[in-house]
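Undergrad:
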Amino acid sequence: MKYKKIATLSEYTDYCNQHENLVAEGYDKNIDEIELIEILIDEYDSREVQFKKEMNPVELLNSIIDEEQISKATLAKEIGTSRQLVSDILRYRRNISKDMITKLSTRFKLQPEAFSRPYLLKNYKPTERAPASSDANKL
């Protein structure tokens with residue numbers, strides 16, 4: 697029985713699997729080890745929750761996409777929106793709408809507040825068009 701503080705998602709997954717195996721072998725027989733693993737898992741969960749609370753909605757969404765290893769196209773399809781909109785949000789070009797906040801919170805089983813916190817958009821300016829010829833003649 698050699699355990700340490702969980703540092704990565706891979707370790708977290710291993711500890712969860714070990715916990716399931718020990719419970720299946722017999723809870724009473726393995727109670728000390730099971731409780732130790734539960735403490736380590738809870739501590740990791742608490743750190744992750746705090747870390748994610750400090751993220752803005754775009755950082756959080758990027759983190760979840762990486763963790764779940766889903767593509768932007770897959771996410772767009774699952775929540776019923778365009779890939780371009782998802783891409784624009786992830787590049788800080790567009791805000792997350794109320795409708796999308798609802799869809800994202802439902803999809804990822806998070807509170808809507810996680811996706812509704814304010815964040816700054818990057819300066820995104822569409823290419824300027826040249827003035828029409830009639831406007832140029834007025835000068």
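Each residue of the sequence shown is one higher than the one before, counting from 697 in my numbering.
Each residue gets a CB set at the ideal place from its N, CA and C atoms; glycine is no exception.
Remember, it's a predicted structure, so these values are computed and weren't measured experimentally.
Determine the DSSP secondary structure at residue 775, reduced to helix, strand or coil.
TA: Reading the sequence shown from its first residue, position 79 is the one you call residue 775. The answer is helix: DSSP assigns residue 775 an H, G or I state.
Undergrad: Could you tell me if residue 756 is buried or exposed, where buried requires 16 or more neighbouring beta carbons within 10 angstroms of its beta carbon?
TA: Here residue 756 is taken as the residue at index 60 of the sequence shown, counted from 1. Answer is buried; the Cβ neighbour count reaches 16.
Undergrad: Do residue 748 and residue 703 have their CB atoms nearer than 9 Å?
TA: Walking along the sequence shown from the start, residue 748 turns up at place 52. Walking along the sequence shown from the start, residue 703 turns up at place 7. Not in contact: residue 748 and residue 703 (Cβ atoms no closer than 9 Å).
Undergrad: So for residue 781, helix, strand or coil by DSSP?
TA: Here residue 781 refers to the residue found at position 85 when the sequence shown is read from its first residue. Of the three classes helix, strand and coil, the one that applies to residue 781 here is helix, per DSSP.
Undergrad: Count the other C-beta atoms from every protein chain shown that fall within 10 angstroms of the C-beta of residue 740, then say buried if there are 16 or more, exposed otherwise.
TA: For this step, residue 740 is matched to residue 44 along the sequence shown. Residue 740 comes out buried.
Undergrad: Here's the rule I'm using: 16 or more other beta-carbon atoms within 10 Å means buried, otherwise exposed. How should residue 705 be labelled?
TA: If you number the sequence shown from 1, residue 705 lands on position 9. Residue 705 should be labelled exposed.
Undergrad: Excluding sequence positions up to five away, which residues of its chain have a Cβ less than 8 Å from the Cβ of residue 779?
TA: Here residue 779 refers to the residue found at position 83 of the sequence shown. Once the five neighbours on either side are set aside, the close Cβ partners of residue 779 are 768, 769, 772.
Undergrad: Pick helix, strand or coil for residue 793, following the three-state DSSP scheme.
TA: The residue you call residue 793 lines up with position 97 of the sequence shown. Coil.
Undergrad: Could you compute how far the alpha carbon of residue 742 sits from the alpha carbon of residue 759?
TA: Along the sequence shown, one-based indexing puts residue 742 at 46. Along the sequence shown, one-based indexing puts residue 759 at 63. For residue 742 and residue 759, the gap between their C-alpha atoms comes out near 16 Å.
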